[in-house]
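Below: one structure, written as C-alpha cells.
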Amino acid sequence: MKRRSIPESELLISFLGYATAGFFFVNTPFWVIAFAVAFVLAEAVGSWAKLLPLVWVGAWVGLAPVAWVGFVVVAGTGSAGAVAGALGAGALTWFVLWAVSRHVAFALPRGRFGTAITAIVFSLTGAVTWFVFGSVAGRVALAMNAGQSLIVAVVAAWAWAWAWAWFVFEALAGVVIGGIVWIAVGFGIGIFAGVPVWTWAMAGAVAGFVVAAVSKARKELLKSFSKSHTFLIMAGTCLLGLSSGRLVSELLF
Numbered sequence: 001m002k003r004r005s006i007p008e009s010e011l012l013i014s015f016l017g018y019a020t021a022g023f024f025f026v027n028t029p030f031w032v033i034a035f036a037v038a039f040v041l042a043e044a045v046g047s048w049a050k051l052l053p054l055v056w057v058g059a060w061v062g063l064a065p066v067a068w069v070g071f072v073v074v075a076g077t078g079s080a081g082a083v084a085g086a087l088g089a090g091a092l093t094w095f096v097l098w099a100v101s102r103h104v105a106f107a108l109p110r111g112r113f114g115t116a117i118t119a120i121v122f123s124l125t126g127a128v129t130w131f132v133f134g135s136v137a138g139r140v141a142l143a144m145n146a147g148q149s150l151i152v153a154v155v156a157a158w159a160w161a162w163a164w165a166w167f168v169f170e171a172l173a174g175v176v177i178g179g180i181v182w183i184a185v186g187f188g189i190g191i192f193a194g195v196p197v198w199t200w201a202m203a204g205a206v207a208g209f210v211v212a213a214v215s216k217a218r219k220e221l222l223k224s225f226s227k228s229h230t231f232l233i234m235a236g237t238c239l240l241g242l243s244s245g246r247l248v249s250e251l252l253f
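What follows is the structure, encoded as C-alpha cells:
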C-alpha cells in the first residue's frame, strides 16, 4: 500500500497566505469575498487545466471585470447572480495571473536567486492583476449606476488593452520589457479608473506570493491522493485561511 504524504509546510504557507489576503478585505462588500473564493477555487483546480491554451485565454479576459460587474449590477449585489458572476470572473483573473507571471518568472535566468526572483514576479503580478480588477470593477459599477455608458466603454477598452499589452511588448522587446510595460499599463488603468482600491493590490500581492506554495503542495498531494481529494484539500485549506483572515479583520476593526 502506497504511503501517503502530506506537504505540511506548503499547506501552512497556503493557509497563512490566504489568511493574510482575507485580512485586507475588511469592510468589503459580499462580491469581493465571492471573487476571492473564485480565485482560490481556480487555483486549487489548476492542475486539471493543463490542456487549455491558458496563455491565449488570459490575453482575452481583459473584459471580464466589465462583463462581471454589469451582471452583478443587473442581478443585485449580494444575490446568487453576484456570486455566479464573481466565480466566473475570479477564474478568468486567475488565468491572467497564471499566463503572465509564470511565463515571465520561468523565462528569467534561474541562478542562485531564482526562487526569490520567482516570488517577486508572482507577488508583483498578483498585486497588479487584483488592483486592476478592483479598480475597473468599482469604476464600472459607479458608471453603470449613473448611466454613463461612455465611461464604461472607455474603461472596457483600457482593460482590454492592458490584457494584451504584455503579449505585444513581450513579442517586440522581450520578456523583461514586456513585464515592465504590463505593470505600468496596469497601474495606469487603476489610476484612470478613478477608484483604485489599494487593499486589492495588497491582497493580490499576498495571493500571488503563495501561488508557488499552492502549486507545490498540489503537486505533492497528487502523488498520494486523487485529483478530487487533492482539490478538496487545497480548496479547504485556502478557503479556511481566507475566511479566518476576514473574521480576524472584522473582530479587530
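If you're matching positions, the sequence shown starts at 1 in the numbering used here and goes up one per residue.
For every residue, glycine included, the Cβ atom is placed at its ideal position computed from N, Cα and C.
Query, Result
"Ordered along the chain, which non-local residues of its own chain (more than five positions away) have a Cβ less than 7 Å from that of residue 129?", "93, 96, 97, 204"
"Could you tell me if residue 103 is buried or exposed, where buried requires 16 or more neighbouring beta carbons within 10 angstroms of its beta carbon?", "buried"
"Helix, strand or coil, according to DSSP, for residue 223 in the structure here?", "coil"
"For residue 91, which residues of its own chain have a beta-carbon under 6 Å away from its beta-carbon, when the five flanking residues on both sides are left out?", "38, 42"
"Please look up how many angstroms separate the CB atoms of residue 132 and residue 186, rounded, as I've assumed it's under 8 Å.", "5 Å"
"Is it the case that the Cβ atoms of residue 135 and residue 122 are separated by a distance below 8 Å?", "no"
"If you follow the alpha helix (DSSP H) that residue 319 is part of, which residue opens it and which one closes it?", "Outside the displayed range of the chain (1 to 253) lies residue 319, so it cannot be described from this structure."
"For residue 201, which residues from the same chain have a beta carbon less than 7 Å from its beta carbon, with the 5 sequence-adjacent residues on both sides left out?", "127, 130, 131"
"Output needed for residue 40: all residues of its chain with C-beta closer than 7 Å, excluding positions within five of it in sequence on either side, in chain order.", "18, 235, 238, 239, 242"
"What residue does the alpha helix (DSSP H) around residue 17 start on, and which one ends it?", "8-23"
"Suppose contacts are defined by Cβ-Cβ distances below 8 Å. Is residue 105 in contact with residue 117 by that definition?", "yes"
"Identify which residue in 13, 26, 16, 12 has its Cα closest to the Cα of residue 247.", "26"
"Mark residue 147 as exposed unless 16 or more other C-beta atoms lie within 10 angstroms of its C-beta, in which case mark it buried.", "exposed"
"Three-state secondary structure (DSSP) at residue 143?", "helix"
"According to DSSP, is residue 199 helix, strand or coil?", "helix"
"Among residues of its own chain, excluding the 5 on either side of residue 216, which ones have a beta-carbon nearer than 6 Å to its beta-carbon?", "10"
"Can you tell me whether residue 228 is helix, strand or coil according to DSSP?", "helix"
"Measuring straight from C-alpha to C-alpha, what distance separates residue 51 and residue 16?", "Because residue 51 carries a pLDDT of 45, less than 50, the predicted location of this residue cannot be relied on, and no value is offered for it."
"How should residue 182 be labelled, buried or exposed, when 16 other C-beta atoms within 10 angstroms of its C-beta is the threshold for buried?", "buried"
"What's the gap between the Cα of residue 139 and the Cα of residue 189?", "11 Å"
"For a quick check, are the C-beta atoms of residue 143 and residue 151 less than 8 Å apart?", "yes"
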